[in-house]
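Shown next, in structure tokens, is the structure this report addresses.
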Amino acid sequence: MSDLHAPVLDWYAEHRRDLPWRGAGASPWSVMVSEFMLQQTPVARVLAPHAAWLARWPTPADLAAAPTGEAVRMWGRLGYPRRALRLHAAATAVVERHGGEVPDAYADLLALPGVGDYTASAIASFAFGRRHVVLDTNVRRVFARAVGGVEFPTTAPTKAERELATELLPPDDATAATWAVATMELGALVCTARSPECGACPIADRCAWLRAGRPAYDGPPRRGQAWQGTDRQCRGRIMAVLRDAEGPVHAADVVAAWPESTQRERCLESLVADGLVARVGDESYALPS
DNA sequence: AAAGCGTGGAC
DNA sequence: TGTCCAAGCTT
Numbered sequence: 001m002s003d004l005h006a007p008v009l010d011w012y013a014e015h016r017r018d019l020p021w022r023g024a025g026a027s028p029w030s031v032m033v034s035e036f037m038l039q040q041t042p043v044a045r046v047l048a049p050h051a052a053w054l055a056r057w058p059t060p061a062d063l064a065a066a067p068t069g070e071a072v073r074m075w076g077r078l079g080y081p082r083r084a085l086r087l088h089a090a091a092t093a094v095v096e097r098h099g100g101e102v103p104d105a106y107a108d109l110l111a112l113p114g115v116g117d118y119t120a121s122a123i124a125s126f127a128f129g130r131r132h133v134v135l136d137t138n139v140r141r142v143f144a145r146a147v148g149g150v151e152f153p154t155t156a157p158t159k160a161e162r163e164l165a166t167e168l169l170p171p172d173d174a175t176a177a178t179w180a181v182a183t184m185e186l187g188a189l190v191c192t193a194r195s196p197e198c199g200a201c202p203i204a205d206r207c208a209w210l211r212a213g214r215p216a217y218d219g220p221p222r223r224g225q226a227w228q229g230t231d232r233q234c235r236g237r238i239m240a241v242l243r244d245a246e247g248p249v250h251a252a253d254v255v256a257a258w259p260e261s262t263q264r265e266r267c268l269e270s271l272v273a274d275g276l277v278a279r280v281g282d283e284s285y286a287l288p289s
């Protein structure tokens with residue numbers, strides 16, 4: 001793995017996508033919104049909601065002043081609507097603790113609701129040019145292959161993995177930030193999960209996995225996510241009904257969305273507990289205000 | 001620490 | 001068609 005930096009950085013300079021939350025024109029708030037939306041969600045599906053979100057709430061204070069239910073409605077079909085709630089809570093915290101400005105320090109970012117290690121590092125790096133290890137699923141896969149010689153990384157990041165990423169991080173802030181986004185982009189565009197295009201990879205000649213003949217994944221089975229009949233599906237149905245209604249919806253409309261009563265009631269309870277749904281009187285439900 | 005949490009596109 | 005997967009976080 002002798003110097004990976006130059007080929008990856010050169011490749012990035014030529015092949016990088018021009019995304020709205022990238023580059024000098026993007027505000028830290030724009031980066032922050034994008035990172036929330038991109039958690040477990042492909043870039044293509046984030047583009048339109050991201051633009052609409054920033055048009056409606058150009059600053060954290062604008063979002064913080066809106067009802068949480070409006071954030072949930074605006075989130076639309078992005079999935080994992082609790083992210084909308086957490087983004088709202090994070091915006092509120094930014095207003096209360098940081099004067100309305102997205103903080104640039106990792107520790108301050110990490111303390112925000114819905115912000116974990118990845119998101120804190122990403123915002124610090126992409127919005128403020130700070131030097132941080134940014135270990136997302138793309139970067140982990142690139143390193144697993146290029147250095148580890150295996151097709152997929154482990155379920156959770158290991159200490160060794162983090163140490164490797166730290167060693168590979170360029171010493172100066174600006175290059176480190178570019179390296180972070182470049183390795184992510186390489187994983188997203190070339191070193192993909194399904195069908196990597198090793199012929200287009202700038203570090204193919206140094207890749208341990210390719211050198212070994214691209215051996216098939218040989219680790220523990222990775223569990224798929226069940227869907228049909230799950231609470232997730234039930235909750236999704238209920239949320240869709242509420243999003244598509246202008247005001248409160250009658251209980252009968254919720255029943256129509258999910259006839260089985262035990263599961264429906266359980267999901268309704270959990271949605272209320274999560275703050276995604278508000279009971280209105282005895283007979284109807286609405287997005288929270 | 002393992003499981004729960006949405007959604008839709010690609011193959 | 002069903003399965004896999006997509007810039008994770010929380011409990």
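Residue numbers (the UniProt record's numbering): 1 to 289. Ideal Cβ positions, reconstructed from N, Cα and C, are used throughout, including at glycine.
- In chain order, ALA90 and ALA93 place their CB closer than 6 Å to the CB of LEU112, counting only its own chain and leaving out the 5 sequence neighbours on each side.
- A residue is called buried once 16 or more other Cβ atoms fall within 10 Å of its Cβ, and GLY236 is buried on that count.
- Straight through space, the alpha carbons of PRO196 and ALA160 are spaced by roughly 24 Å.
- In this structure, ARG141 and PRO153 form a Cβ contact; the two beta carbons are roughly 6 Å apart against a cut-off of 8 Å.
- In the displayed model, VAL241 falls within a helix according to three-state DSSP.
- Check the Cα spacing between ARG211 and each of ALA71, CYS198 and PRO220: the tightest is with CYS198.
- Around the C-beta of ALA65, fewer than 16 other C-beta atoms lie within 10 Å, and the residue is accordingly described as exposed.
- At the C-beta level, PRO288 and VAL277 come within 8 Å of one another.
- In the three-state reduction of the DSSP assignment, ALA212 falls in the coil class.
- The segment 72 to 87 and the segment 118 to 129 do not touch, with fewer than three beta-carbon pairs separated by less than 8 Å.
- In the DSSP assignment, ARG279 falls within the unbroken beta strand (DSSP E) covering 278 to 280.
- For the 8 Å CB-CB criterion, LEU38 and ALA182 do not form a contact.
- In the structure shown, the three-state DSSP call for HIS98 is helix.
- Among the bridge pairs identified by DSSP, HIS250 is matched with SER284.
- Contact check between the segment 28 to 47 and the segment 202 to 218: fewer than three CB pairs, one atom from each, fall below 8 Å, which does not count as touching.
- Runs of the alpha helix (DSSP H) spanning 4 or more residues and lying entirely within the segment 96 to 167 occur at 106 to 110, 117 to 128 and 137 to 143, in chain order.
- Nearest neighbour of ASP104 by Cα position, chosen from TRP57, LEU186 and PRO28, turns out to be PRO28.
- Out of TRP227, GLU260, THR41 and MET239, the CA that lies nearest to the CA of GLY275 is found in MET239.
- Between GLU151 and PRO215, the C-beta spacing is below 8 Å.
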